[in-house]
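Going by the UniProt record's numbering, the letters in the sequence shown line up with residues 1 to 169, in that order. Glycine included, each C-beta is placed from N, C-alpha and C at the ideal position. What follows is a set of notes on a single structure, which appears directly below.
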Amino acid sequence: MIYRFRIILDTHEDVFRDIEIEEEATLEDFHNAIINAFGFDGNEMASFYLSDGDWNQGEEISQFDLSEGADSIRLMNETSLDSVVSESQTKLIYVYDFLSMWTFLIELGEIAEPEPGRDYPNLMFVHGQIPLEAPDKEFIAEKDEFAEDMDSDFDLEDYDDLPFDENWN
């Protein structure tokens with residue numbers, strides 16, 4: 001089967017690409033199709049994230065394992081599209097270049113039969129020009145989201161009372 005996706009740059013302007021790709025392709029194959037469709041050079045790191053219906057970021061599927069063995073992490077080259085996308089799980093978030101934070105909203109639009117003689121992945125439709133710089137992102141925590149983690153007696157300005165361990169390393 002063929003998955004048909006719409007990949008939308010998270011910006012005010014309408015910038016998106018429609019790509020069709022085989023269901024058994026890896027997320028690394030999909031990553032390569034996306035960077036080619038948007039004209040990136042592919043020299044930056046990227047990750048996919050599972051997403052719910054409200055575009056909340058879920059589990060990360062990374063391009064490289066940087067976890068240093070602490071936790072197991074899913075990798076793009078080991079994860080097939082059909083293992084993360086289905087008719088009930090249609091949304092992904094894709095982030096390219098973690099310094100610039102190019103963020104894309106990806107939605108499965110259709111599952112279709114492959115067309116004989118067509119090569120996949122296939123860039124079906126292009127709309128809009130990608131800006132020269134990534135759109136600004138505003139990261140806002142929920143009200144008091146971190147307040148419960150802060151000790152109310154802790155004073156960042158009072159360095160003299162902070163404990164210091166000379167042998168910490």
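Along the alpha helix (DSSP H) that carries glutamate 110, what are the first and last residues, could you check?
No alpha helix (DSSP H) contains glutamate 110, which is instead part of the beta strand (DSSP E) from 102–112.
For leucine 9, which three-state DSSP category applies?
strand
Tell me which residue opens and which closes the beta strand (DSSP E) that isoleucine 21 is part of.
16–22
With burial defined as no fewer than 16 other Cβ atoms inside 10 Å of the residue's Cβ, what is the status of histidine 127: buried or exposed?
exposed
So what does phenylalanine 125 bridge to, in DSSP terms?
Asp18
Nearest CA to the CA of valine 15: which residue from Glu44, Glu107, Phe38, Glu59?
Phe38
Name the one or two DSSP bridge partners that tyrosine 3 has.
Ile21, Ile111
Pairwise C-alpha distance: tryptophan 102 and glycine 58:
17 angstroms
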